[in-house]
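Residue numbers (our numbering): 5 to 296. Below is one structure, written out as structure tokens; comments come after it.
Here you go:
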């Protein structure tokens with residue numbers, strides 16, 4: 005048996021069959037966005053070489069062009085060209101870093117939440133000498149580089165917040181849903197799907213117990229009305245759990261500020277999807293299964 009930290013290979017044919025299904029919505033998105041097969045092929049060649057060099061051949065002396073060609077199937081002349089390209093790293097949009105931190109604190113950290121754990125309506129700024137929490141103090145608790153007024157104007161325009169009759173700022177609890185095709189949405193698209201696939205891949209390759217939680221509840225053979233009711237219920241429960249995890253994370257961060265050099269991260273996510281299945285044998289309908 006391989007050592008616990010050594011990934012166990014998967015049968016290539018079975019893996020490719022699973023990846024074909026996995027990649028179908030991605031290919032559909034790329035085709036609708038004008039990404040053709042030659043463009044994808046060039047990106048995949050670069051990615052294969054990068055992953056082989058940094059994740060598979062961990063010993064620097066083993067990263068020769070010949071060895072990379074053997075592992076990836078890419079020609080040696082092409083590998084030399086690809087290795088000279090700068091590394092492709094996903095940049096975090098500034099709005100993601102700032103907004104997620106401010107909203108996270110507003111949803112979890114006293115005194116910005118009430119006794120029931122709901123985000124308080126906040127005055128734009130506290131009166132001189134007052135210790136009352138305000139939107140200005142909330143933004144300042146995260147950054148002093150950007151004025152609270154700039155953040156507020158941006159959020160009002162995007163519907164993340166609104167102002168009530170008393171001119172207090174109210175957070176939309178379903179806030180910070182990035183606009184379609186915006187840089188923020190594409191950032192979360194890449195990060196969240198990467199982490200989900202990474203967790204699933206680690207579980208498949210594990211020689212012992214699966215290291216990550218990756219489960220879903222799925223029902224087939226539902227009517228439109230049943231599917232709509234279940235989707236609405238799942239959405240509400242998902243938001244509730246996300247808020248609870250956010251409160252716990254914020255409490256940990258407040259109680260024990262991160263040490264210098266701390267680099268661990270945790271990404272907890274949920275999704276709800278509903279679609280119409282293609283016709284299949286009636287016996288294939290799977291009602292009420294939980295998949296691990």
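C-beta: ideal position from N, C-alpha, C; glycine also.
Of the listed residues the options, nearest to residue i (C-alpha basis)
| i | options | result |
| --- | --- | --- |
| residue 246 | 63, 17, 271, 73 | 271 |
| residue 116 | 251, 269, 280 | 251 |
| residue 83 | 23, 57, 27, 244 | 57 |
| residue 244 | 122, 145, 174 | 122 |
| residue 216 | 207, 222, 224, 223 | 207 |
| residue 169 | 281, 114, 126 | 126 |
| residue 124 | 133, 65, 110 | 110 |
| residue 151 | 128, 165, 166, 162 | 128 |
Coarse secondary structure for residue i, derived from DSSP in three states
| i | result |
| --- | --- |
| residue 75 | helix |
| residue 70 | helix |
| residue 7 | The pLDDT assigned to residue 7 is 42, lower than 50, so where the model puts this residue is not dependable, and the model offers no usable value. |
| residue 207 | helix |
| residue 216 | coil |
| residue 16 | helix |
| residue 62 | coil |
| residue 237 | helix |
Straight-line gap, residue i to residue j (C-alpha atoms, nearest Å)
| i | j | result |
| --- | --- | --- |
| residue 238 | residue 71 | 48 Å |
| residue 154 | residue 189 | 21 Å |
| residue 61 | residue 67 | 6 Å |
| residue 138 | residue 228 | 45 Å |
| residue 288 | residue 174 | Low per-residue confidence applies at residue 288: pLDDT is 45, beneath 50, and the placement is therefore not dependable enough to give any value. |
| residue 213 | residue 22 | 21 Å |
| residue 276 | residue 248 | 18 Å |
| residue 256 | residue 267 | 15 Å |
| residue 265 | residue 101 | 19 Å |
Classification of residue i by the beta-carbon crowding that lies within 10 angstroms, buried from 16 upward
| i | result |
| --- | --- |
| residue 30 | exposed |
| residue 140 | buried |
| residue 103 | buried |
| residue 51 | exposed |
One or two residues paired with residue i in a DSSP bridge
| i | result |
| --- | --- |
| residue 167 | 173 |
| residue 123 | 117 |
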